[in-house]
Amino acid sequence: MTNINAEYNVMPKLKSHRGASKRFRKTASGAIKRRGAYRNHILTKKSTKQKRHLRVGASRLKSCDARLAERMLHGS
224 MTNINAEYNV MPKLKSHRGA SKRFRKTASG AIKRRGAYRN HILTKKSTKQ KRHLRVGASR
284 LKSCDARLAE RMLHGS
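The sequence shown begins at 224 in our numbering and counts up one residue at a time.
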């Protein structure tokens, strides 16, 4: 018996982890950046100084975490 889908007998494409693809971005240099925490809600009880210091922006992942994020983003 022959395989009808013989021409399609290849490995499927890898899918990236959907949660990781929403949280991490890869920079042009290859580093992975993420958004800082504590800036989403309940901001009224935080002081202006604290919120100002949280405005720094995206930060890079440490190398140990970047390896894991790299594997999750592999399909993208």
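Note that beta-carbon positions come from the ideal geometry of N, C-alpha and C, so glycine has one too.
For residue i, which residues in the same chain have their Cβ closer than 8 Å to its Cβ, ignoring the five residues on either side in sequence?
i	result
L312	As shown, the chain starts at 224 and ends at 299. That puts residue 312 outside it, with no answer to give.
A281	R248, K256, R257, R258 and G259
K274	R262 and L266
Closest to residue i by CA distance: which of the options is it?
i	options	result
D288	M234, V233, A254 and Y231	A254
V279	N232, T250 and G259	G259
By the three-class DSSP mapping on this structure, what secondary structure does residue i have?
i	result
R258	coil
S286	helix
K269	coil
K249	strand
Following a CB-centred definition, is residue i positioned closer than 8 Å to any heavy atom of the ligand GDP?
i	result
H264	In the structure on display, the ligand GDP does not appear, and there are no ligands present to speak of.
Do residue i and residue j have their CB atoms nearer than 9 Å?
i	j	result
R246	R283	no
L277	K268	no
Under 7 Å Cβ to Cβ from residue i, same chain only, skipping five residues before and after it: list those, please.
i	result
A292	A243, F247, I255 and L284
T250	K256
Practice item. Flag this pair as touching only if the segment 261-269 and the segment 236-251 have three or more C-beta atom pairs under 8 Å; answer yes or no. Key: no
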